[in-house]
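Below is one structure, written out as structure tokens; the observations come after it.
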């Protein structure tokens with residue numbers, strides 16, 4: 437399978453908030469930044485992200501893959517409500533990036549390592 441296409445479909449799933457399809461792309465025992473969340477915990481994390489950022493949209497700016505790994509630079513242009521990453525954003529529109537590395541097994545994401553550019557957020561506030 438083409439990891440890039442699987443990843444594009446995964447991003448579409450997130451942007452559509454099609455949570456019933458999440459298991460198509462994510463392993464049951466997924467970890468995020470070394471935290472074992474499992475599929476249910478990962479879904480809960482994403483649902484909380486959308487609750488905190490109603491206009492959240494994942495935009496792939498760069499993607500590199502070599503099976504079983506895929507790296508992506510995501511761009512966000514959104515308005516988090518209240519405090520976001522410990523910062524008082526309070527509905528202001530901000531732009532920032534997230535650098536994410538994924539590890540796949542059986543064409544499903546099993547490990548996610550993610551770093552958000554918090555300094556870019558701080559500079560806008």
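Numbering (this note's numbering), first residue to last: 437 to 561. Glycine is no exception: its CB is placed at the ideal position from the N, C-alpha and C atoms. For clarity, every value in this text was computed on a predicted model and none was experimentally measured.
With H, G and I counted as helix, E and B as strand and the rest as coil, what does DSSP make of residue i?
i, result
"residue 522", "coil"
"residue 489", "coil"
"residue 446", "helix"
"residue 503", "coil"
"residue 529", "coil"
"residue 463", "strand"
"residue 546", "strand"
"residue 498", "strand"
"residue 439", "helix"
"residue 510", "strand"
"residue 451", "helix"
Whose C-alpha, out of the options, is nearest the C-alpha of residue i?
i, options, result
"residue 447", "480, 511 and 477", "511"
"residue 443", "527, 557, 504 and 529", "504"
"residue 527", "560, 545 and 544", "560"
"residue 518", "509, 490 and 531", "490"
"residue 445", "553, 557, 543 and 551", "543"
"residue 532", "558, 466 and 457", "558"
"residue 453", "514, 486, 462 and 550", "486"
"residue 549", "516, 502 and 470", "470"
"residue 556", "541, 546, 547 and 525", "525"
For residue i, which residues from the same chain have a beta carbon less than 6 Å from its beta carbon, with the 5 sequence-adjacent residues on both sides left out?
i, result
"residue 507", "500 and 537"
"residue 552", "534"
"residue 441", "none"
"residue 451", "493 and 494"
In its own chain, which residues sit with a C-beta less than 8 Å from the C-beta of residue i, not counting the 5 before and 5 after it?
i, result
"residue 457", "449"
Is there a Cβ of chain C sitting closer than 8 Å to that of residue i, yes or no?
i, result
"residue 526", "As a matter of chain content, chain C is missing from the structure shown, which is built from one protein chain."
Between residue i and the rest of its own chain, which residues show a CB-CB distance below 7 Å, the 5 nearest in sequence each way excluded?
i, result
"residue 478", "462, 466 and 468"
Taking residue i and residue j to be in contact with their CB atoms under 8 Å, please state how far apart those CB atoms are, rounded to whole angstroms.
i, j, result
"residue 439", "residue 540", "6 Å"
"residue 475", "residue 459", "6 Å"
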